[in-house]
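J.: Each protein sequence line maps, in turn, to chains U and F.
The first sequence begins at 1 in the numbering used here and counts up by one.
The second sequence begins at 1001 in the numbering used here and counts up by one.
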Amino acid sequence: MRYYDHLIFDYSKPGRKGYTLPKAAAPATSTAVPEGLRRSSAPALPEVSEVDVVRHYTNLSQMNFGVDTGFYPLGSCTMKYNPKINEEIAALPAFAAIHPLQPVATVQGVQAVYRGMEQMLSAITGMSYFTLNPCAGAHGELTGLMIMRAYHRSRGDMGRTKVIVPDSAHGTNPASAAVCGLDVVVVKSNADGLVDVEDLKPLLGPDLAGIMMTNPNTLGLFERDIKQIAALVHEAGGLLYYDGANMNPLIGKVRPGDMGFDIMHLNLHKSFSTPHGGGGPGSGPVGVAAFLKDCLPYPHTDVQPHGDLSLVTPAKTAGRVSAHMGNFGVILRAYAWLLTIGRQHVREVGPIATLNANYVKELLRDAYKLPIPSVCKHEFVFDGLINDGSREGKEGATTLDVAKRLLDFGFHAPTIYFPLLFHQALMIEPTETESKETLDAFISIMHRIAAEAAEDPDILHAAPHACPISRPDDTTAAKHPVINWNDLQAE
Amino acid sequence: MHPYIPHTPDDIRKMLDTVGMKSLDDLYADVPQEYIYKGDYDLPDAMSEDEIRRFFEDLATRNVKMTCFAGQGWYDHCTPSVIPYLTQRSEFLTAYTPYQPEISQGTLRYIFEFQSMVCALTGLEVSNASMYDGPTAAAEAVRMAVASTRKKDVVLIASTLLPQVKEVVRTYASYSGTVIEEIAEAEGQTSFEALAAALASGRVAGVMVPNVNRYGIIEDHTGFADAVHAAGALFIEYCDPSTLAVLKSPAEWGADVAVGDGQSLGIPLCYGGPTLGFMACKKDYLRKLPGRIVGATTDRDGKRCFVLTLQAREQHIRRDKATSNICSNQSLMALWVTIYLSLLGPKGLVDVNERSSASAHYLCDQLLATGRFTPVSDKPFLKEFALDYKGDAHALHKALADKGILAGVVIGDHRICFAVTEKRTREEIDCLIKAIKKAAL
Chain U
1 MRYYDHLIFD
11 YSKPGRKGYT
21 LPKAAAPATS
31 TAVPEGLRRS
41 SAPALPEVSE
51 VDVVRHYTNL
61 SQMNFGVDTG
71 FYPLGSCTMK
81 YNPKINEEIA
91 ALPAFAAIHP
101 LQPVATVQGV
111 QAVYRGMEQM
121 LSAITGMSYF
131 TLNPCAGAHG
141 ELTGLMIMRA
151 YHRSRGDMGR
161 TKVIVPDSAH
171 GTNPASAAVC
181 GLDVVVVKSN
191 ADGLVDVEDL
201 KPLLGPDLAG
211 IMMTNPNTLG
221 LFERDIKQIA
231 ALVHEAGGLL
241 YYDGANMNPL
251 IGKVRPGDMG
261 FDIMHLNLHK
271 SFSTPHGGGG
281 PGSGPVGVAA
291 FLKDCLPYPH
301 TDVQPHGDLS
311 LVTPAKTAGR
321 VSAHMGNFGV
331 ILRAYAWLLT
341 IGRQHVREVG
351 PIATLNANYV
361 KELLRDAYKL
371 PIPSVCKHEF
381 VFDGLINDGS
391 REGKEGATTL
401 DVAKRLLDFG
411 FHAPTIYFPL
421 LFHQALMIEP
431 TETESKETLD
441 AFISIMHRIA
451 AEAAEDPDIL
461 HAAPHACPIS
471 RPDDTTAAKH
481 PVINWNDLQA
491 E
Chain F
1001 MHPYIPHTPD
1011 DIRKMLDTVG
1021 MKSLDDLYAD
1031 VPQEYIYKGD
1041 YDLPDAMSED
1051 EIRRFFEDLA
1061 TRNVKMTCFA
1071 GQGWYDHCTP
1081 SVIPYLTQRS
1091 EFLTAYTPYQ
1101 PEISQGTLRY
1111 IFEFQSMVCA
1121 LTGLEVSNAS
1131 MYDGPTAAAE
1141 AVRMAVASTR
1151 KKDVVLIAST
1161 LLPQVKEVVR
1171 TYASYSGTVI
1181 EEIAEAEGQT
1191 SFEALAAALA
1201 SGRVAGVMVP
1211 NVNRYGIIED
1221 HTGFADAVHA
1231 AGALFIEYCD
1241 PSTLAVLKSP
1251 AEWGADVAVG
1261 DGQSLGIPLC
1271 YGGPTLGFMA
1281 CKKDYLRKLP
1291 GRIVGATTDR
1301 DGKRCFVLTL
1311 QAREQHIRRD
1321 KATSNICSNQ
1331 SLMALWVTIY
1341 LSLLGPKGLV
1351 DVNERSSASA
1361 HYLCDQLLAT
1371 GRFTPVSDKP
1381 FLKEFALDYK
1391 GDAHALHKAL
1401 ADKGILAGVV
1411 IGDHRICFAV
1421 TEKRTREEID
1431 CLIKAIKKAA
1441 L
């Protein structure tokens, strides 16, 4: 990767343009916008040529790391390979050119994608129905909680405003609950890293809306008391929400619907192979048990008796959660992936992802602290280096240092300082698309980094050494925010 | 194994040996047996690439290809071929959120450019890295208004906003205890008198109005900001960003916050998504802004670089105290829009508006000349306008759909909203007019 220090604005020169519009279809109208509604001066957009644009963004791309560049052991993010046929399908004009308000009778192909997707996701998860309208995982969580509240409200059960979230949960869980107007109560993990059932019991009561759980949890551990937890929560009148960010190890092996979960979301940009795009667009479908069908958001695809697909508003709907029906282009990609995998290969996904995680864990536990040694699922958490090299007059190497040093060797860093249960958390998730050779190379570099730390932690403190930039000054960035081109010129 | 999974049987055996297990099933020994799914997965047979291609081509035949005169917030503008070409570069496409800035400067720089361009269009000082879509951005703006004002629980929204915007705003608000009241319209645009009356309650935290409304009318917000600010509320403009090349900016109207959907900036319709939501505000509200923000700084060697900043607002740090739950947003679509605005430039974006507007006015005049329509309003419009039809609007719409023409969007039994962009040719417009003349009244 080569450092390249330009912004598109640098290339701007008055009078340049980068695109030709079609011929005007009608003579210009001068009276269209009265003076009082007109903008006083042109927006400060760059004026650049097409070549400028192509070179600039190509150069920018070369300062970026992606799944196609190398291994991404990013915990809870499931950075698996993004197949190329999926991109081809999403770009088909017969789908890409369709207006969202086209009459439903003229978009039966689009609706068949929604319907087929709903059925396949139901088959994999054991849920009865899905909405595909949420645009991302956190949006799915929020939608799921809205469904939960809509259900309680539909029964006249208005006092259920409390949601239980484990201390190991993704940050989006409590944040989504707060946006949904729910009060968050934290349940502790026990020494094995699992939800502490005894800590849970006193939290259950008539004000309980539900519990949000991730299973396997963010330590990669299967919550084996789930049956008891489900029974307790249901007995108290609450619903069970499943955070599907960690669904990958269960694909082809375990179905959340069978474990007593009432509502769940999936991240199509994780387990279902669609690209992350540098932070979206994603897709966060929400699945529900049969008794919650009437609470799904609208519009929802339904089948008419004669077989045509139509759009309906469920009777006790949670509401409209996005403009139309979510990120259709992302849904198409995931559909293509499911067809690729099919019934023949679905059972390979979760087990191989789980094998990969356990393999890496086993071969690195001699150099990195493993607080919870039991068998993991798709991911696991180290708590920093066993020997961080600290000594008289020398600070030891931290998890941040290890992460930055990995970048020098062509690997993305694992998720760091999450979950919050350990001070030096280093969370690793390999996914099933990584070969033994890739994992071996990663393991070998992780050992080398551990050896470097033991010898001289300064090598790690100074990392990265081989990236376009060294570590940025985050403090100044936050203290004196420079967040647009105007600010930057004023510097 | 499927080709996406590179393991040979020998690899699997060796790896199982390493972890001290005999079979893949052993990896799930901690899962209660009753939860191991033993049934058949009800999925289709696995397909090859070519079969997948045929499958979707076959599905596609069940969609009717139509010439688009529909708008209502989603417009069929031209897309330069450079955009899909560049956004498909796998360094952009397959990257994660730029949490490791040393190997993510590409993503961070384009988000910084995106923020700069949103600020340029809206005239406001601060923008985030994108939201899901326009309606959810509007819902977040409502939350921001309530969070920025003390003990106020009412937000006023214009009845002239797009229905999807109003419905998403109402959905979000219904769970957070915020009361949404609609401001009545007069002659097709938000009534200042109705606004002033509603503000008198003293409970209003924010007011949201569209710059171009659901009838395509360019709204006149003279006096709105002063009235809203005098009542201690935030003034929010919901905008079509493409039109901001020619129309008064949210900052010029005195808005504190601007939101909208970026679809009109060259993003294909794609049945409504992915597009992106944008959100800009005055600097005073920077720390209330939801979502990611990229800022400039320097690295240890003094090189200019970019990072995600002000993260103390976000869910992964603040959990239930965060300004929003948003995490993944629509980053790649922010790149899409940034490239679009770079290619078009200020002049090109004005041309898009002028050509679309000229064509829309031509169509409007021709439709009125048929004697079958009457105007809904005499207020100025750009690319979209509403007309009342003397016959059954649904029947007319259906008749034209059968001819492959998407004749606007029916918004009442006798009312249709038509949109025309620079992409529509004279022949296509004349074909629509001819088909309407031929249709049974």
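Virtual Cβ for every residue (Gly too), placed ideally from N, Cα, C.
As the structure is a computational prediction, the values presented were derived from the model and not from experiment.
Determine the chain U residues that contact F/L1086 at a beta-carbon separation under 8 Å, and present them in chain order.
T.: What F/L1086 touches in chain U: V53, V54, Y57, T58, S61.
J.: From this set, U/C135, U/A91, U/L232, which residue's C-alpha is nearest U/P285's C-alpha?
T.: When only C-alpha atoms are compared, the closest one is U/C135.
J.: Of the residues F/P1080, F/R1170, F/E1237, which one's Cα is nearest the Cα of F/T1122?
T.: If we check each option's Cα against that of F/T1122, F/E1237 comes out closest.
J.: Tell me F/N1063's beta-bridge partners as DSSP assigns them.
T.: Paired residue(s): U/V107.
J.: Using a 10 Å radius around the Cβ and a threshold of 16 neighbouring Cβ atoms, would you call F/A1029 buried or exposed?
T.: Flag for F/A1029 reads exposed.
J.: Using only the alpha-carbon positions, how far apart do U/P22 and F/E1422 sit?
T.: If I take the Cα positions, the gap works out to 7 Å.
J.: Quick one: which residues of the stretch 1363–1388 of chain F get their C-beta closer than 7 Å to a C-beta of chain U? List them in chain order.
T.: Answer set for the stretch 1363–1388 of chain F: P1380, L1382.
J.: Grab the span of the alpha helix (DSSP H) containing F/R1318 for me, first residue to last.
T.: Per DSSP, F/R1318 belongs to the alpha helix (DSSP H) from 1315–1318.
J.: Could you list the residues in the stretch 1103–1126 of chain F with a C-beta less than 9 Å from some C-beta on chain U, going in chain order?
T.: So the list reads I1103, S1104, Q1105, G1106, T1107, L1108, R1109, Y1110, I1111, F1112, E1113, Q1115, S1116, M1117, V1118, C1119, A1120, L1121, T1122, G1123, E1125, V1126, given in the order they occur along the chain.
J.: So, are the CB atoms of U/I164 and U/L221 less than 8 Å apart?
T.: Their beta carbons are not under 8 Å apart, which means U/I164 does not touch U/L221 by this criterion.
J.: Who pairs with F/T1298 in a beta bridge, going by DSSP?
T.: In the DSSP output, where bridge partners are listed per residue, F/T1298 has F/R1304.
J.: Check whether chain U comes within 8 Å of F/V1246, counting only Cβ atoms and requiring the distance to be less than that.
T.: True, the Cβ-Cβ gap to chain U drops below 8 Å.
J.: Apart from the five residues on each side of it in sequence, which residues of its chain come closer than 6 Å, Cβ to Cβ, to U/P464?
T.: Excluding residues within five positions, the ones whose Cβ falls inside 6 Å are K404, L407, D408.
J.: Please identify the residue among F/F1306, F/K1151, F/I1052, F/F1055 whose C-alpha is closest to the C-alpha of U/Y3.
T.: Checking every option, the nearest Cα to that of U/Y3 belongs to F/F1306.
J.: Could you please give the first and the last residue of the uninterrupted alpha helix (DSSP H) stretch that includes F/E1354?
T.: Unbroken alpha helix (DSSP H) run through F/E1354: 1331–1369.
J.: Taking F/F1055 as the reference, give the member of U/G171, U/D456, U/A336 with the closest Cα.
T.: The shortest C-alpha separation from F/F1055 is found at U/A336.
J.: So, using beta-carbon positions, are F/L1502 and F/K1390 closer together than 8 Å?
T.: It is not possible to answer for residue 1502 of chain F, since the shown part of chain F is limited to 1001 through 1441.
J.: U/I331 by DSSP, collapsed to three states: which one?
T.: Of the three classes helix, strand and coil, the one that applies to U/I331 here is helix, per DSSP.
J.: Quick one, are the C-beta atoms of F/V1443 and F/T1178 less than 8 Å apart?
T.: The requested residue 1443 of chain F does not occur in the structure, where chain F is confined to residues 1001 to 1441.
J.: Quick one: grab the DSSP three-state call for U/N356.
T.: Helix, per DSSP.
J.: Just to confirm my understanding: we take U/Q102, look at its own chain, exclude 5 residues before and 5 after, and list those with CB closer than 6 Å. What are they?
T.: Closer than 6 Å at the Cβ level, and outside the excluded window around U/Q102, lies no residue.
J.: Going by alpha carbons, who is nearest to U/M446 out of U/G410, U/R333, U/P206?
T.: Comparing Cα positions, the closest option is U/G410.
J.: Who are the neighbours of U/L407 on chain F, taking C-beta pairs under 7 Å?
T.: Chain F residues near U/L407: Q1100, E1102, I1103.
J.: Determine the burial state of F/Y1285: buried for a count of at least 16 other Cβ atoms within 10 Å of its Cβ, exposed for fewer.
T.: The residue in question, F/Y1285, is buried, as its Cβ has 16 or more Cβ neighbours within 10 Å.
J.: What does F/S1324 touch in chain U if you count any residue whose Cβ is under 8 Å from its own?
T.: Those are A175, V179, listed as they occur along chain U.
J.: My guess is that U/S40 and F/E1252 are in contact by the Cβ rule of under 8 Å, so how many angstroms apart are they, rounded?
T.: Contact holds; Cβ gap of about 7 Å.
J.: Kindly identify the DSSP beta-bridge partner or partners of U/P206.
T.: Answer by DSSP bridge pairing: none, since U/P206 is not bridged.
J.: Is U/S310 helix, strand or coil when you go by DSSP?
T.: In this structure, U/S310 counts as strand in the three-state DSSP scheme.
J.: Interface residues of chain F around U/N486 at Cβ under 9 Å?
T.: Per Cβ cutoff of 9 Å: S1116, C1119, A1120, E1125.
J.: So which residues on chain U does F/E1091 lean against when the C-beta distance must stay under 7 Å?
T.: Per Cβ cutoff of 7 Å: S61, Q62, N64, G66, T69.
J.: Starting from U/G277, find everything on chain F with Cβ-Cβ shorter than 7 Å and list it in chain order.
T.: L1093, S1331, L1332, listed in chain order.
J.: What is the residue span of the beta strand (DSSP E) that U/K162 lies within?
T.: First-last of the beta strand (DSSP E) with U/K162: 162–166.
J.: Is the Cβ-Cβ distance between U/A453 and F/C1327 less than 8 Å?
T.: Contact flag unset, no.
J.: Of the residues F/P1006, F/S1249, F/V1155, F/P1241, which one's Cα is nearest the Cα of F/G1262?
T.: Nearest option by C-alpha distance: F/P1241.
J.: Whole angstroms is fine: what's the gap from U/R333's alpha carbon to U/G393's?
T.: Each residue's Cα considered, the two are about 54 Å apart.
J.: Using a C-beta to C-beta distance shorter than 7 Å, which residues of chain F count as neighbours of U/I229?
T.: By Cβ distance, chain F contributes nothing, its closest Cβ being about 12 Å from U/I229, past 7 Å.
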